[in-house]
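Peer 1: Line by line, the protein sequences give chains C and W. Taken in order, the first sequence gives residues 14 to 356; the numbers are from this note's numbering. Taken in order, the second sequence gives residues 3 to 506; the numbers are from this note's numbering. Note that the Cβ used here is the ideal one computed from N, Cα and C, for glycine as well. As the structure is a computational prediction, the values presented were derived from the model and not from experiment.
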Amino acid sequence: MKIKKILALVLAIMLMTSLVVGCSSTPKEEAPKEAPKEAPKEAPKPAYPERAIEMVVPFGAGGGSDIMARSMVKVVNDNKWVSQPINVVNKPGGSGSIGYAYTAEKAGNPYYLASVSSSFYTAPLLGNSPVSYKDFTPVAGLAMDTLALFVREDSEITSVKDVIEKSKATPKSISVGGTSGTSDDAVMYRVLQNKAGIEMKYVPFESGGEVMTALLGGHVDVVWANPGEALNQVEAGKARAIVVASNERIPGFEDVPTLMEEGVDASLAQFRGVVLPKGVSPEEVKYWEDVFRKLHESSAWQEDYIKANSITPRFLGSEDFGKAIVELSDMYEAIFKDIGATK
Amino acid sequence: MLETLSDLLYGFSVAITPINLLYCLVGVVTGTIIGALPGLGPSAGLAVLLPITFGIEPVSGIIMLAGIYYGAMYGGSITSILINTPGDSAAVMTALDGYPLTQKGRAGAAMGMAAFSSFIGGTVAIVAFTFLAPVLASAALSFGPPEYFALMVLGLTTLAGMTGDNPTKGFISAILGLFLAIVGLDLVTGLPRFSFGMMELYSGIDFIPVAMGVFGIAEIILASEEKVNMEGLKNTDLRWRKLFPTAADWARSKWVIARGTVLGFFIGMLPGAGATIASFISYGMAKKASKHPEEFGLGAIEGVAAPECANNAASVGAFVPLLTLGVPGSASTAILMGALMMFGLRPGPMLFERNPDFVWGLIASMYVGNVMLILMVLLFVPLFVRALLVPKAALNAVVIAFILVGAYSLNNSMFDVYLTIGFGFIGYFMKKLKYPGAPLVLALVLGQLLETSMRQSLILSGGSFGIFFARPISTVLMVIAFGAIFLPAIKNMISKLRAKNASV
Numbered sequence: 014m015k016i017k018k019i020l021a022l023v024l025a026i027m028l029m030t031s032l033v034v035g036c037s038s039t040p041k042e043e044a045p046k047e048a049p050k051e052a053p054k055e056a057p058k059p060a061y062p063e064r065a066i067e068m069v070v071p072f073g074a075g076g077g078s079d080i081m082a083r084s085m086v087k088v089v090n091d092n093k094w095v096s097q098p099i100n101v102v103n104k105p106g107g108s109g110s111i112g113y114a115y116t117a118e119k120a121g122n123p124y125y126l127a128s129v130s131s132s133f134y135t136a137p138l139l140g141n142s143p144v145s146y147k148d149f150t151p152v153a154g155l156a157m158d159t160l161a162l163f164v165r166e167d168s169e170i171t172s173v174k175d176v177i178e179k180s181k182a183t184p185k186s187i188s189v190g191g192t193s194g195t196s197d198d199a200v201m202y203r204v205l206q207n208k209a210g211i212e213m214k215y216v217p218f219e220s221g222g223e224v225m226t227a228l229l230g231g232h233v234d235v236v237w238a239n240p241g242e243a244l245n246q247v248e249a250g251k252a253r254a255i256v257v258a259s260n261e262r263i264p265g266f267e268d269v270p271t272l273m274e275e276g277v278d279a280s281l282a283q284f285r286g287v288v289l290p291k292g293v294s295p296e297e298v299k300y301w302e303d304v305f306r307k308l309h310e311s312s313a314w315q316e317d318y319i320k321a322n323s324i325t326p327r328f329l330g331s332e333d334f335g336k337a338i339v340e341l342s343d344m345y346e347a348i349f350k351d352i353g354a355t356k
Numbered sequence: 003m004l005e006t007l008s009d010l011l012y013g014f015s016v017a018i019t020p021i022n023l024l025y026c027l028v029g030v031v032t033g034t035i036i037g038a039l040p041g042l043g044p045s046a047g048l049a050v051l052l053p054i055t056f057g058i059e060p061v062s063g064i065i066m067l068a069g070i071y072y073g074a075m076y077g078g079s080i081t082s083i084l085i086n087t088p089g090d091s092a093a094v095m096t097a098l099d100g101y102p103l104t105q106k107g108r109a110g111a112a113m114g115m116a117a118f119s120s121f122i123g124g125t126v127a128i129v130a131f132t133f134l135a136p137v138l139a140s141a142a143l144s145f146g147p148p149e150y151f152a153l154m155v156l157g158l159t160t161l162a163g164m165t166g167d168n169p170t171k172g173f174i175s176a177i178l179g180l181f182l183a184i185v186g187l188d189l190v191t192g193l194p195r196f197s198f199g200m201m202e203l204y205s206g207i208d209f210i211p212v213a214m215g216v217f218g219i220a221e222i223i224l225a226s227e228e229k230v231n232m233e234g235l236k237n238t239d240l241r242w243r244k245l246f247p248t249a250a251d252w253a254r255s256k257w258v259i260a261r262g263t264v265l266g267f268f269i270g271m272l273p274g275a276g277a278t279i280a281s282f283i284s285y286g287m288a289k290k291a292s293k294h295p296e297e298f299g300l301g302a303i304e305g306v307a308a309p310e311c312a313n314n315a316a317s318v319g320a321f322v323p324l325l326t327l328g329v330p331g332s333a334s335t336a337i338l339m340g341a342l343m344m345f346g347l348r349p350g351p352m353l354f355e356r357n358p359d360f361v362w363g364l365i366a367s368m369y370v371g372n373v374m375l376i377l378m379v380l381l382f383v384p385l386f387v388r389a390l391l392v393p394k395a396a397l398n399a400v401v402i403a404f405i406l407v408g409a410y411s412l413n414n415s416m417f418d419v420y421l422t423i424g425f426g427f428i429g430y431f432m433k434k435l436k437y438p439g440a441p442l443v444l445a446l447v448l449g450q451l452l453e454t455s456m457r458q459s460l461i462l463s464g465g466s467f468g469i470f471f472a473r474p475i476s477t478v479l480m481v482i483a484f485g486a487i488f489l490p491a492i493k494n495m496i497s498k499l500r501a502k503n504a505s506v
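1. Nearest to residue 221(W) by alpha carbon, out of 437(W), 444(W) and 429(W)?
2. Just verifying my parser: in three-state terms, what is the DSSP assignment at residue 103(C)?
3. For residue 309(C), decide whether its Cβ has a neighbour in chain W, counting only Cβ atoms nearer than 9 angstroms.
4. Nearest to residue 380(W) by CA position, among 203(W), 112(W) and 296(W), is which residue?
5. Just mark residue 137(W) as buried or exposed, buried being the case when its beta carbon has 16 or more other beta carbons within 10 Å.
6. Give me the subset of the region 173 to 187 of chain C whose CB atoms are less than 8 angstroms from a CB atom of chain W, sorted by chain position.
7. Sort out for me which residues DSSP pairs residue 161(C) with in a bridge.
8. If I'm right that residue 255(W) touches residue 303(W) with Cβ under 8 angstroms, what's the distance once you round it to whole angstroms?
9. Give every residue of the same chain whose Cβ lies closer than 7 angstroms to the Cβ of residue 117(C), excluding the five residues on either side of it in the sequence, and list them in chain order.
10. Indicate whether the contact test is met: 3 or more Cβ pairs, each with one atom in the region 111 to 128 of chain W and one in the region 67 to 79 of chain W, closer than 8 angstroms.
11. Rounded to whole angstroms, what is the Cα-Cα separation between residue 382(W) and residue 184(W)?
12. For residue 283(C), which of helix, strand or coil comes out of DSSP?
13. Is the beta carbon of residue 307(W) closer than 9 angstroms to that of residue 265(W)?
14. What does residue 372(W) reach in chain C if we use C-beta pairs closer than 7 angstroms?
15. With DSSP run on the structure shown, which of helix, strand or coil describes residue 217(C)?
16. Rounding to the nearest angstrom, what Cα-Cα distance links residue 211(C) and residue 203(C) in this structure?
17. What do you reckon, are the CB atoms on residue 305(W) and residue 172(W) nearer than 9 angstroms?
18. Would you list, in chain order, the members of the region 198 to 211 of chain W that have their beta-carbon closer than 7 angstroms to a beta-carbon of chain C?
19. Would you call the CB atoms of residue 281(W) and residue 74(W) closer than 9 angstroms?
20. Residue 127(C) bridges to which residues according to DSSP?
21. Does DSSP put residue 332(W) in a helix, in a strand, or in coil?
22. Pick out whichever of 353(C), 207(C) and 164(C) has its Cα sitting closest to the Cα of residue 188(C).
23. Output the boundary residues of the alpha helix (DSSP H) element that contains residue 300(W).
24. So, is residue 454(W) buried or exposed, given that buried needs 16 or more other C-beta atoms within 10 angstroms?
25. I need the straight-line Cα distance from residue 190(W) to residue 132(C), nearest angstrom please.
26. Please list, in chain order, the chain C residues whose beta carbon lies closer than 7 angstroms to that of residue 329(W).
27. Apart from the five residues just before and just after residue 192(C), which ones in its own chain have a Cβ nearer than 8 angstroms to its Cβ?
28. Using a Cβ distance threshold of 8 angstroms, determine whether the region 384 to 398 of chain W contacts the region 211 to 227 of chain W, with at least three qualifying pairs required.
29. Can you pull the chain W neighbours of residue 263(C), defined as C-beta to C-beta under 8 angstroms?
30. At a CB distance below 9 angstroms, what residues from the region 86 to 115 of chain C approach chain W? Give them in sequence order.
31. Count the other CB atoms, across all protein chains shown, that sit within 10 Å of the CB of residue 510(W); report buried if there are 16 or more and exposed otherwise.
32. Going by DSSP, name the residue or residues bridged to residue 187(W).
33. Between the region 237 to 248 of chain C and chain W, which residues of the former have CB atoms less than 8 angstroms from a CB of the latter, in chain order?
34. Measuring CB atoms only, is the region 201 to 217 of chain W touching the region 401 to 412 of chain W, in the sense that at least three cross pairs come out at less than 8 angstroms?
35. So, does the CB of residue 339(C) fall closer than 9 angstroms to a CB anywhere in chain W?
36. Under the rule that 16 or more other beta-carbon atoms within 10 Å means buried, what is residue 35(C), buried or exposed?
In structure tokens form, the structure reads like this:
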């Protein structure tokens, strides 16, 4: 029966594809979990990464964290700085808490890296995550990503002062689009309201793309977004930035003043970086610290990621990044207390 | 116009180099398979295959990824029609009439119709894209929260077309779907609703596990307990010539395809709506406009044509905001956008000017890819149909494996696997008690956008419902929706009155 053979072949191919697609991102778990605890032994042990490493992104494919992780992994793999492949695995859901909880569970296992973005700090503070920065080992900080306030090109609003004046004249007259929940843009919306003593309308959307569409379509008046997200609209003359939330002006947006310059005493920047689960050995941390230092110094990373996304590069090693994490977490905590968001 | 043509020709010069043809072929074949595998949708497939494209030229890479995306729209119908298990969410509607056709022994015709209608939908949409993309993109922008809300209301009116012979049970099923849409973090307050402390539920219940459970697993449990009537199958004529839609099929479907294509393309362009919603609304419209709506759900060929042309047109439409505005309209296009950024390209208004080889190469490759797809699908229709001859026990085991692997691949999480199995049992009891599954899935899909857009609108208007009638597009959509709800009742009353008058 020829047909049966063909059919069997087709089914076999389909099953294989399904398995490849479904499982390619799941590295084998067979490595002994207790290994790192006995690491200091002087026996001639094989060089550290003995198998593939999982780079956990606690958000969906295509988002800011995903792009950072994939750009990072691409440069590292291209240059063969690590003898084993690194696989990017998306574990989205629960404002990042699912991915972070998944990584934290792997305590002592140095084969799981996780990318850090603002939810890493904010979700635990808002009671949305069972794990916090204390469950991780800081490895390296790589970049500061801030927010800028955007309006449509033809908007009458030309500065943050306009926003404040208009809102003072007619409370709730300005609508602000954002991605809701614990996102940085929601934090900035509330900070601006508090600091300026104004009232605006916050319209939440499911994704950054929808927010930008709503701005371009004139459905909302202003939005807080990462500069890189809106760069293409700015270049095309469809949107413009009126203020940035960083302490200093940022590359690519040199004409745009900071909030401080405009008389609003507030700033915000998320520190993007990488962590390992807690309980890994200092050698392993050092290993990755070196890899990411090389990454930071490479032109591929600086050009393809940092510059393309209008991000401020800033490298911190494990120890300094650890301090920065605590500082940032404290900063968010203070903000949340200020705006009454924490329980 | 002339300029566009010369751009397009230039695009073809990029797309038909042997290497790009090869990538296109690999893309569409992979896409078809991913689409056909229950549970594995285009976004999961794209996310996994993304790293493969890093080593190659950006234009080749995106040609392949795009091929996976629209190829999946073809593949999804295959399993819908043959085994009543939608290959992806956009093919849920295809199962409603596709599977009854299979039971009647017309699997070939159904698959042929799905392929042709996909081809027409896809190709017409690409032509529209080629010549009208910038204009259309700004039209899509005029869709704000009130317009989305009106569109979702219109979508919900199509529910009435799917309730089967017992409307009450149909509406109970729909309300269950609307309830499921509520689960998860509230978008406005950020508070979890009905999540029972489970983090996995914070982002809500995805409709893929629900659709896979209610349609796929439930079907298999049922099949295992009763002797499914396969009389029709035995009579299936497997000669190649007999496998195509007849002239009568075409006559019934041609307007359905025309409408579905236009509709699908427009809905595809709207961020957040996408191919699944397009296929729902297209099916509902086809039934409303049909002269014999009672045949829908029992194996009407236009019930296959309607969702298939719409979902293919929508998958092309989704490229409009992505390439011209730089905003992704769906999970799949968000991944494509991520890919573009990793290739060092910035999708958006400047892309056409800065990287014409890239944009036009991609557009041209979509023409090529659609031709490849229809040839491939038609060539293999006889082969796919023979899958029905595989012993049910073996086939079902394989399908269950596919569904569970697919469910896992959604978020790389076991939770979705359990959810799928759970909804499999719910679906089984629904079938036993004669509650239709389609309203549940439809309400779940539309419900999330319905609630979001309503609350966004009300925030914008400061709580006034007038906003839905204050703008032209939303007003028109609302009027059509109300018409769809009340016209049949009014018609009914008039004919009753007439009957009364006549008898007097």
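Peer 2: Result, derived from the coordinates:
1. 429(W)
2. strand
3. no
4. 112(W)
5. exposed
6. 185
7. 238(C) and 257(C)
8. 6 angstroms
9. 144, 148, 149 and 290
10. yes
11. 42 angstroms
12. strand
13. no
14. The contacting residues do not exist; residue 372(W) stays about 22 angstroms from chain C at best.
15. strand
16. 10 angstroms
17. no
18. 201, 202, 204 and 205
19. no
20. 69(C) and 288(C)
21. coil
22. 164(C)
23. Segment: none, residue 300(W) is in no alpha helix (DSSP H) and carries neither H nor E.
24. buried
25. 17 angstroms
26. 222, 225 and 226
27. 198, 199, 217, 218, 219, 220, 221 and 224
28. yes
29. In chain order: nothing, as chain W lies at least about 17 angstroms away.
30. 86, 87, 90, 91, 100, 101, 102, 103, 104, 105, 106, 107, 108, 110, 111, 114 and 115
31. The displayed coordinates of chain W run from 3 to 506. Any statement about residue 510(W) would go beyond what the structure contains.
32. 194(W)
33. 244, 245, 246 and 248
34. yes
35. no
36. With a pLDDT of 48 at residue 35(C), under the threshold of 50, the modelled position of that residue is not reliable, and the figure given next carries that caveat. Buried: at least 16 other Cβ atoms inside 10 Å.
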